[in-house]
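As you go down the protein sequences, you meet chains X and D in turn.
Our numbering applies: residue 29 is where the first sequence begins, and numbers increase by one.
Our numbering applies: residue 29 is where the second sequence begins, and numbers increase by one.
What follows is one structure encoded as structure tokens, with my remarks underneath.
Number of protein chains: 2
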Amino acid sequence: MIQTRAIRLFTERGYDATTVTDVAEAAGVSPMTVYRHFPTKEDLVLIDQHGMLVAEQIAATPAAQPLVRRIGSALIEAVTTLTGDRHGGDLTANEQFLLARLRLMISTPALRAKHLDNHYALQQAIVGAIIDEGSDTDAAFHAHAAASACLAAMHTALVRWAEDDGRSELPDLIAKALAAAFGDDVVAVASE
Amino acid sequence: MIQTRAIRLFTERGYDATTVTDVAEAAGVSPMTVYRHFPTKEDLVLIDQHGMLVAEQIAATPAAQPLVRRIGSALIEAVTTLTGDRHGGDLTANEQFLLARLRLMISTPALRAKHLDNHYALQQAIVGAIIDEGSDTDAAFHAHAAASACLAAMHTALVRWAEDDGRSELPDLIAKALAAAFGDDVVAVASE
DNA sequence: ACCGCAATGGTAGTGACTACCAAGTCGGTA
DNA sequence: TACCGACTTGGTAGTCACTACCATTGCGGT
Chain X
29 MIQTRAIRLF
39 TERGYDATTV
49 TDVAEAAGVS
59 PMTVYRHFPT
69 KEDLVLIDQH
79 GMLVAEQIAA
89 TPAAQPLVRR
99 IGSALIEAVT
109 TLTGDRHGGD
119 LTANEQFLLA
129 RLRLMISTPA
139 LRAKHLDNHY
149 ALQQAIVGAI
159 IDEGSDTDAA
169 FHAHAAASAC
179 LAAMHTALVR
189 WAEDDGRSEL
199 PDLIAKALAA
209 AFGDDVVAVA
219 SE
Chain D
29 MIQTRAIRLF
39 TERGYDATTV
49 TDVAEAAGVS
59 PMTVYRHFPT
69 KEDLVLIDQH
79 GMLVAEQIAA
89 TPAAQPLVRR
99 IGSALIEAVT
109 TLTGDRHGGD
119 LTANEQFLLA
129 RLRLMISTPA
139 LRAKHLDNHY
149 ALQQAIVGAI
159 IDEGSDTDAA
169 FHAHAAASAC
179 LAAMHTALVR
189 WAEDDGRSEL
199 PDLIAKALAA
209 AFGDDVVAVA
219 SE
């Protein structure tokens, strides 16, 4: 509720030009109630309830597959469940909300920076899910590089999605970005 | 000068626990002089004078090579000129300064976020250097994915470098991270 | 001695965010 | 009905990053 109003205000007037007090008034609460629910102004846009189950999904993946494929398919699956299946029809309300958030995140420096940092945290979680305690540092290094590159590809896909107004299916875009970054053969199977 | 004092203070007391006024006093100037030279507190750590010539370097690279190799070798070259050649000897003063900055950047959320966003800006510049005005959107999409993944690999290398106290050569680490992300064959030639 | 200009400092304000405390609301219990 | 404790909300006052506007100082050139 507060979040919905906030994103509408941010979209209309701009993020920086909107104060937290504005958001509070629009939502009919006091500024401190806003801070109670959203620790920072940025979190009004960035907090997602969906959590980061990606890491768990990856841990459940057969370890024999190449890292890029394991991570890539987990990302695609997470996004698929997030946006839901829609084949050619209109955007769902959820997707429109995601698009609005995404546009804010990409165009506002402060939000973009924190969003990239969230990806960074996700990367740590992914590597934690892949790597055992005892494994050598080289393995961790490889896992970090692979996870980092996969998330970067995903971010590229998100930007593209926002640019084409959500016309493309997000999972397909992620698969394409992964293929562009790593070569078609490596990722081809990931999108199934 | 101001920057040196600032990084020392941040390292000793922590970034958040140090106010801009503290930095100003330590440098013997007024707070506003600090803001004159560094538009934000974060820039006290993040501003690098070295600029982003990477994009220009890439534009000068033969276009026939695969994107990943073009971007990767440019990154390695940029870092080599930044840290200088040192084969097994002690760390140079410059490298020690870079390490201190890097540790702050990695461990402080606000700095890490802005640092990742700087990489993002670099990515935009790289893609701008690679892609002509008229080229189709798919080409741009591929370039973004490749650049994004390369920068992510570079960041991983930076973290590893900070963790091993600069013992490794940074260019080698970047080459290894690229190889881990993209496969050895793709990048092998990039480090020469 | 004078002028122009760059760098510096002061003042007052805005806005994000915190700490501490007060008050209302609501479910269960005697 | 009266009471109690937990949860949620609101108020006050303060810190700190950052800005806008203006005054001052130092310094090289004429």
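For every residue, glycine included, the Cβ atom is placed at its ideal position computed from N, Cα and C.
Remember, predicted model here, so these are calculated numbers, not experimental data.
{"query": "Let's test the definition: count the other Cβ atoms within 10 Å of the Cβ of M133/D and tell me whether it reaches 16, buried, or not, exposed.", "result": "buried"}
{"query": "What do you reckon, are the CB atoms on A177/X and H170/D nearer than 7 Å?", "result": "no"}
{"query": "Where I159/D and M29/X are concerned, what is the direct C-alpha to C-alpha distance, given to the nearest angstrom?", "result": "42 Å"}
{"query": "Mapping DSSP to helix, strand and coil, what is T136/X?", "result": "coil"}
{"query": "Is the segment 130 to 149 of chain X touching the segment 186 to 204 of chain X, taking contact as three or more C-beta pairs under 8 Å?", "result": "yes"}
{"query": "CB-CB under 7 Å to Q31/X, same chain, minus the five flanking residues each way: which ones, in chain order?", "result": "L72"}
{"query": "Note down the Cα distance separating E84/D from R98/D, rounded to an integer number of angstroms.", "result": "12 Å"}
{"query": "Assuming L144/D and L74/D are in contact, meaning their beta carbons sit under 8 Å apart, how far apart are those beta carbons, in whole angstroms?", "result": "Not quite, the Cβ-Cβ distance comes to about 11 Å (not below 8 Å), so this is no contact."}
{"query": "Report the neighbours of D145/D on chain X: residues whose CB is nearer than 8 Å to its CB, in chain order.", "result": "P137, R140, A141, L144"}
{"query": "Applying the 10 Å Cβ sphere with the 16-neighbour rule, what's the burial state of G117/X?", "result": "exposed"}
{"query": "What are the complete beta strand (DSSP E) segments, minimum 3 residues, inside the segment 53 to 86 of chain D?", "result": "none"}
{"query": "Could you tell me whether the Cβ of S176/D comes closer than 7 Å to any Cβ of chain X?", "result": "yes"}
{"query": "Beta-carbon separation of L206/X and G100/X under 7 Å?", "result": "yes"}
{"query": "Please confirm whether T184/X has its beta-carbon closer than 7 Å to some beta-carbon of chain D.", "result": "yes"}
{"query": "Taking A181/X as the query, report the chain D residues whose CB atoms sit under 7 Å from its CB, ordered along the chain.", "result": "A173, S176, A177"}
{"query": "On the DSSP letters alone, give me the boundaries of the alpha helix (DSSP H) that G194/D sits inside.", "result": "Premise fails: G194/D is in no alpha helix (DSSP H) and is neither H nor E."}
{"query": "To be precise: take each residue of the segment 145 to 164 of chain D, compare its Cβ to all Cβ atoms of chain X, and keep it if any distance is under 7 Å. Which residues remain?", "result": "D145, Y148"}
{"query": "Buried or exposed: G112/D, going by 16 or more other Cβ atoms within 10 Å of its Cβ?", "result": "exposed"}
{"query": "Using the beta-carbon of each residue, which ones in chain X are nearer than 7 Å to F210/D?", "result": "F210"}
{"query": "Run the CB neighbour count on Q151/X, radius 10 Å, all protein chains shown included, and call it buried at 16 or more, exposed below.", "result": "buried"}
{"query": "Between the C-alpha atoms of K142/D and Q93/D, what's the straight-line distance to the nearest angstrom?", "result": "31 Å"}
{"query": "Rounded to a whole number of angstroms, what is the C-alpha to C-alpha distance between I9/D and P59/D?", "result": "Chain D is shown from 29 up to 220; residue 9/D falls before or after that span and cannot be answered."}
{"query": "Show which residues of chain X have a CB atom less than 7 Å away from the CB atom of R188/D.", "result": "F169"}
{"query": "Going along the chain, which residues of its own chain have a beta-carbon closer than 6 Å to the beta-carbon of V217/D, five neighbours each way excluded?", "result": "With a pLDDT of only 45 at V217/D, under 50, the local geometry of the prediction cannot be trusted, and the value read off the model is given with reservation. Hits under 6 Å: none found."}
{"query": "What whole-angstrom Cβ distance do I202/D and R129/D have, given they're in contact under 8 Å?", "result": "Actually they are not in contact, since the Cβ atoms of I202/D and R129/D sit about 17 Å apart, beyond 8 Å."}
{"query": "Evaluate A88/X with the Cβ neighbour count: other Cβ atoms within 10 Å of its Cβ, from every protein chain shown; 16 or more gives buried, anything less gives exposed.", "result": "exposed"}
{"query": "Please confirm if A91/X has its CB atom under 7 Å from at least one CB of chain D.", "result": "no"}
{"query": "Which two residues bound the contiguous alpha helix (DSSP H) that contains L95/X?", "result": "95 to 111"}
{"query": "Counting only the same chain and skipping the five closest in sequence on each side, list residues whose C-beta sits under 6 Å from that of V48/D.", "result": "P59, V62, K69"}
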